[in-house]
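Heads up: the structure comes next, in structure tokens.
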Amino acid sequence: MTMKWADYFMGFARHAASKSKDPSTQVGAVAVGPDGEIRATGFNGLPRGVEDKPERMERPAKYLWTSHAEENLVAHAARVGVSLKGCTIYVTHYPCSRCARSLIQAGIAKICVGPGTTSMPAEEFETARIMFAESGVDVS
Numbered sequence: 000m001t002m003k004w005a006d007y008f009m010g011f012a013r014h015a016a017s018k019s020k021d022p023s024t025q026v027g028a029v030a031v032g033p034d035g036e037i038r039a040t041g042f043n044g045l046p047r048g049v050e051d052k053p054e055r056m057e058r059p060a061k062y063l064w065t066s067h068a069e070e071n072l073v074a075h076a077a078r079v080g081v082s083l084k085g086c087t088i089y090v091t092h093y094p095c096s097r098c099a100r101s102l103i104q105a106g107i108a109k110i111c112v113g114p115g116t117t118s119m120p121a122e123e124f125e126t127a128r129i130m131f132a133e134s135g136v137d138v139s
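Below you can see the structure in the form of structure tokens.
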């Protein structure tokens with residue numbers, strides 16, 4: 000039996016999530032170009048070069064210190080000079096409104112969301128959903 004491409008790339012997103020040191024939530028993302036090439040990955044964690052202290056990964060401090068997987072994915076692509084325009088992103092959890100803004104601005108065309116549960120407020124989820132719909136980003 001052949002694995003579907005969506006399952007294959009979601010596996011990469013789950014693998015990226017396993018790099019997170021957040022004790023309660025591990026989120027991963029992978030950007031895939033129109034030809035099926037992986038362009039960037041990201042996971043939730045501290046910014047590059049910031050000292051990795053466990054207390055920075057605990058609530059409520061983690062909200063001040065950590066970047067979301069999608070933010071790290073966009074930053075990773077920018078750092079290495081890779082365009083995300085027209086890419087599909089596979090992400091383990093539904094993006095928050097802040098990440099929705101970054102993904103839309105980066106030119107992401109489609110978002111495939113994994114089965115990860117999210118605890119974001121309903122208003123945050125709805126705002127992200129509306130932004131994706133209005134900007135023409137396909138979410139599945």
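First residue of the sequence shown? That's 0 in numbering that gives the first Met the number 0, and the numbers climb one at a time after it.
Backbone N, C-alpha and C fix where the C-beta goes; we use that ideal spot for every residue, glycine too.
Take residue i as the anchor and find which of the options has the nearest alpha-carbon.
i    : options               : result
V29  : A5, D51, R47          : A5
D34  : L83, S118, E69        : L83
A168 : R38, I129, T117       : As shown, the chain starts at 0 and ends at 139. That puts residue 168 outside it, with no answer to give.
K20  : P53, G85, K3          : P53
P59  : A132, R128, I129, S23 : S23
T91  : A68, E133, A121, I129 : A68
K18  : M2, V31, T40          : T40
Quick one: give me the first and last residue of the alpha helix (DSSP H) that residue i is part of.
i    : result
A132 : 121-134
R13  : 4-16
Within 10 Å of its beta-carbon, does residue i have 16 or more other beta-carbons around it, so buried, or fewer, so exposed?
i    : result
V136 : buried
Y7   : exposed
P46  : exposed
Does DSSP put residue i in a helix, in a strand, or in coil?
i    : result
G32  : coil
K109 : strand
D137 : strand
G41  : strand
G115 : coil
In the DSSP assignment, find the beta strand (DSSP E) that holds residue i and state where it starts and stops.
i   : result
R47 : Here R47 belongs to no beta strand (DSSP E), and DSSP marks it neither H nor E.
| said: I'd like the ranges of any alpha helix (DSSP H) spanning at least 4 consecutive residues and lying wholly in the stretch 78-105. | reply: 96-105
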